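Reading through the structure tokens given below for one structure.
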Amino acid sequence: MLHSCLPATRTLGVRIVLLLLLSVVVDVTSLTAENLPNILFIMSDDHAYQAVSAYGSQLIETPNIDRIAREGMRFDRCYVTNSICGPSRATILTGKYSHKNGQYDNLTKFDGSQQTFPKLLQEAGYQTALIGKWHLESDPTGFDYWEILPGQGKYYRPEFITSAGTTSVPGYVTRITTDKAIDWLRSKRDIDKPFLLMVHHKAPHRNWAPGADQLAAYERQTFPEPVSLFDDYATRGTAAGDAEMRIGQMRPDSDLKLWNKDNTHRKWLYEHLTPTERAAWEQHVDPRLAMFEAAKLVGPEQTRWFYQLYLRDYLACIESVDDSVGQLLDYLDQSGLAGNTIVVYVSDQGFYLGEHGWFDKRFMYEESLRTPLVVRWPEIVKPGSEEPRIVSNLDFAETILEAAGIEVPADMQGRSLVPLLRGETPKDWRNSFYYHYYEGAQREHHVPKHEGVTTGNAKLIHFYEVGEWQLFDLQADPHELNNVWGQAEYEPLQRELLAELKRLRTALEVPPVP
Ligand code: SGN
Ligand code: CA
Numbered sequence: 007m008l009h010s011c012l013p014a015t016r017t018l019g020v021r022i023v024l025l026l027l028l029s030v031v032v033d034v035t036s037l038t039a040e041n042l043p044n045i046l047f048i049m050s051d052d053h054a055y056q057a058v059s060a061y062g063s064q065l066i067e068t069p070n071i072d073r074i075a076r077e078g079m080r081f082d083r084c085y086v087t088n089s090i091c092g093p094s095r096a097t098i099l100t101g102k103y104s105h106k107n108g109q110y111d112n113l114t115k116f117d118g119s120q121q122t123f124p125k126l127l128q129e130a131g132y133q134t135a136l137i138g139k140w141h142l143e144s145d146p147t148g149f150d151y152w153e154i155l156p157g158q159g160k161y162y163r164p165e166f167i168t169s170a171g172t173t174s175v176p177g178y179v180t181r182i183t184t185d186k187a188i189d190w191l192r193s194k195r196d197i198d199k200p201f202l203l204m205v206h207h208k209a210p211h212r213n214w215a216p217g218a219d220q221l222a223a224y225e226r227q228t229f230p231e232p233v234s235l236f237d238d239y240a241t242r243g244t245a246a247g248d249a250e251m252r253i254g255q256m257r258p259d260s261d262l263k264l265w266n267k268d269n270t271h272r273k274w275l276y277e278h279l280t281p282t283e284r285a286a287w288e289q290h291v292d293p294r295l296a297m298f299e300a301a302k303l304v305g306p307e308q309t310r311w312f313y314q315l316y317l318r319d320y321l322a323c324i325e326s327v328d329d330s331v332g333q334l335l336d337y338l339d340q341s342g343l344a345g346n347t348i349v350v351y352v353s354d355q356g357f358y359l360g361e362h363g364w365f366d367k368r369f370m371y372e373e374s375l376r377t378p379l380v381v382r383w384p385e386i387v388k389p390g391s392e393e394p395r396i397v398s399n400l401d402f403a404e405t406i407l408e409a410a411g412i413e414v415p416a417d418m419q420g421r422s423l424v425p426l427l428r429g430e431t432p433k434d435w436r437n438s439f440y441y442h443y444y445e446g447a448q449r450e451h452h453v454p455k456h457e458g459v460t461t462g463n464a465k466l467i468h469f470y471e472v473g474e475w476q477l478f479d480l481q482a483d484p485h486e487l488n489n490v491w492g493q494a495e496y497e498p499l500q501r502e503l504l505a506e507l508k509r510l511r512t513a514l515e516v517p518p519v520p
């Protein structure tokens, strides 16, 4: 395809001339600037693939996200490089691992002076916009237009920062972010230029506060429990056992909204609500507290109850995200943009919905390593395709650059997904993937630093901060409950993965760890 063989020209004008020149010798129809694809990149925060019906969720229907999958491609093994917000976002922007882009954890301020894919698109004549969660501390660079939430942002009456200052907007964050995105598409962009619009939702991040309209959506449902809700962490040492992210450790007030009238979280939230929103919340949570107090649950029974409340709120937050996807897709249809716009839906990482008894992310275990990813690209992606190969948030920058006809810089560490999107089967596609989590046991949730390698069928993890190794045969043990490190029958697999870890560390130039 022509796009991939275009040289790295930096201005749209030069690229159009080149395209026209090439059109003399190449018989393709997509040779005008109007045909450069737009990119709508929608990302949520902490959306587990277990809560997407396109992935077979037993918990929720997500018809709009599913529509992208149905009309495009569903990726079944999209792994993140470092399963936490800031680092994932930095990897997406740079196409590089944390040790190359400097964003090791959520505490670091992103170095916005470095190369990012929005900057390269901008230099090539694209119009670039970002709306929603950013969480990288420094001001965005490479965007013609940006409106971001400060830090984690608020669910209700959120503040938005622009280069001109901060404003707070009454209402619910997912809806406001969507309205701002549609407003930008409708009236703020230059219709003569192709665009990149990144819409970054706060939802469904902790503390899982649903929109007033969605509060009751799941309140009467009872959800199946995952097999490892009462994981005893046997065979997985202190690395898993000492993490503080068990459902039973949730805060009843802020996490589960079991609050009485004087509760500080309740007071804080209610101050941010409109009168209508407040009435909906009171009607919703007051009976919850009454039922909880009447039940007097302790131990495992309390954990079971917490799990149900957690999922009710978490899924109701996703309901708003799925609605947002629907509104954005509708706008593309109504405006005539749909045919020439690549639509991506992804989360910044995966999330635990009770597996291993947990909420949150960070670990290299499957639920947080793997993130949902669906992509629609009319005319290019065969509708309803499913892609089982290992892909990563490391690949997004390269993919979008190639789709826009821009040469991928040699120092990016991922690989363009364009061949996979075209339905090709590259023989040299990656068979293994390197992961590294840096925040460490001293930080929130006490997950020790670790690195590892997975082939999708087997996984090796080195929790070097606490000196523990884990090895999983994912085919025999998909829930990762049985660490077989050091077992004689797995010695060949162990040796193979140790060698692969070493190979990947060298190829990716990862500095030594203690
Ligand atoms: C907050 C949450 C944590 C969560 C981090 C990082 N605590 O600190 O549970 O792991 O964000 O999330 S809370 O009490 O403030 O809700 S991330 O997605 O931004 O990386
Ligand atoms: Ca996140």
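Heads up: the sequence shown runs through residues 7 to 520, numbered per the numbering used here. Every residue gets a Cβ at the ideal spot worked out from N, C-alpha and C, and that includes glycine. Being a predicted model, the structure only gives us computed values, none of them experimental.
message: Determine whether the beta carbon atoms of residue 162 and residue 215 lie at a separation below 8 Å.
response: Closer than 8 Å, so yes.
6 Å Cβ shell around residue 317 - same chain, five flanking residues per side excluded: Excluding residues within five positions, the ones whose Cβ falls inside 6 Å are 229.
task: May I ask which residues mark the beginning and end of the beta strand (DSSP E) holding residue 44?
output: Going by DSSP, residue 44 is part of the beta strand (DSSP E) stretching over 44 to 50.
task: Under the assumption that residue 92 contacts residue 116 (Cβ atoms under 8 Å), give the Cβ distance between them as a whole number of angstroms.
output: That belief holds up - the Cβ atoms of residue 92 and residue 116 are roughly 7 Å apart, short of 8 Å.
message: Let's see if you can read the secondary structure: which residues bound the beta strand (DSSP E) around residue 475?
response: The continuous beta strand (DSSP E) containing residue 475 extends over residues 474 to 479.
query: Where residue 261 and residue 52 are concerned, what is the direct C-alpha to C-alpha distance, given to the nearest angstrom?
result: The alpha-carbon atoms of residue 261 and residue 52 are separated by roughly 15 Å.
- request: Taking residue 390 as the reference, give the member of 518, 58, 66, 74 with the closest Cα.
  value: The closest CA to that of residue 390, considering only 518, 58, 66, 74, is found on 74.
- request: Counting only the same chain and skipping the five closest in sequence on each side, list residues whose C-beta sits under 6 Å from that of residue 45.
  value: Answer for residue 45: 202, 348, 406, listed in chain order.
field: For ligand 2, residues whose Cβ lies under 5 Å from any non-hydrogen atom
entry: Listed by position along the chain, the residues with Cβ atoms less than 5 Å from a non-hydrogen atom of ligand 2 are 51, 52, 91, 354.
field: Distance, residue 343 Cα to residue 219 Cα
entry: Rounded to whole angstroms, the gap between the alpha carbons of residue 219 and residue 343 is 29 Å.
- request: With a cut-off of 8 Å on the beta carbons, I'd call residue 233 and residue 485 a contact; round off their distance for me.
  value: The distance from the Cβ of residue 233 to that of residue 485 is about 6 Å, consistent with a contact at the 8 Å cut-off.
- request: Compute the distance between the beta-carbons of residue 443 and residue 453, then report whether it is under 8 Å.
  value: Yes, Cβ-Cβ distance for residue 443 and residue 453 is below 8 Å.
- request: Report yes if the CB atom of residue 451 is closer than 8 Å to the CB atom of residue 458, and no otherwise.
  value: Cβ atoms of residue 451 and residue 458: not closer than 8 Å.
query: From residue 249 to residue 108, what distance separates their C-alpha atoms?
result: For the pair residue 249 and residue 108, the Cα-to-Cα distance works out to about 25 Å.
query: Curious, which full-length alpha helix (DSSP H) runs of at least 4 residues does the region 386 to 449 contain?
result: Within the region 386 to 449, the complete alpha helix (DSSP H) segments of 4 residues or longer fall at 402 to 409, 424 to 427, listed in chain order.
Limits of the unbroken beta strand (DSSP E) element including residue 165: Residues 165 to 168.
Residue 329 in three-state terms, based on DSSP: Helix, per DSSP.
- request: With distances taken Cα to Cα, identify the nearest neighbour of residue 521 among 187, 159, 474.
  value: A query on residue 521 cannot be resolved here, the shown segment of the chain reaching from 7 to 520 and no further.
Status (buried if at least 16 other CB within 10 Å, exposed otherwise) for residue 304: It counts as exposed.
- prompt: According to the neighbour-count rule (16 or more other Cβ atoms, all chains shown, within 10 Å of its Cβ), is residue 435 buried or exposed?
  reply: So residue 435 counts as exposed.
message: Considering only the alpha carbon of each residue, which of 154, 356, 427, 411 lies closest to residue 79?
response: Checking every option, the nearest Cα to that of residue 79 belongs to 427.
query: If you run the structure through DSSP and keep just helix, strand and coil, what is residue 272?
result: The three-state secondary structure of residue 272, taken from DSSP, is helix.
task: Just tell me which of 142, 41, 225, 245 has its CA closest to the CA of residue 294.
output: For residue 294, the closest C-alpha among the options 142, 41, 225, 245 is that of 225.
task: Let me know if residue 523 comes out buried or exposed under the rule of 16 or more other beta-carbons within 10 Å of its beta-carbon.
output: Here the chain has residues from 7 to 520 only, and residue 523 is not among them.
query: Which class does residue 29 belong to by DSSP, given the choice of helix, strand or coil?
result: Confidence is the limiting factor: at residue 29 the pLDDT is only 41, short of 50, which leaves the residue's position unreliable and the question unanswerable from this model.
- request: Compare the C-alpha of residue 414 against each of 101, 367, 509 and name the closest.
  value: Comparing Cα-Cα distances from residue 414 to each of 101, 367, 509, the minimum goes to 101.
- prompt: In three-state terms, what does DSSP make of residue 76?
  reply: DSSP places residue 76 in helix when its eight states are reduced to three.
message: Just checking residue 259 against ligand 1 - is the residue's beta carbon closer than 7 Å to any of the ligand's heavy atoms?
response: Not so, every heavy atom of ligand 1 lies at least 7 Å from the Cβ.
Cβ neighbour criterion (16 or more within 10 Å) applied to residue 364: Of the other Cβ atoms in all chains shown, 16 or more fall within 10 Å of the Cβ of residue 364; this residue is therefore buried.
query: On the premise that residue 362 lies in contact with residue 351, defined as a C-beta separation below 8 Å, what is that separation, rounded to the nearest angstrom?
result: In this structure residue 351 does not touch residue 362 by the C-beta definition: roughly 26 Å separates them, more than the 8 Å allowed.
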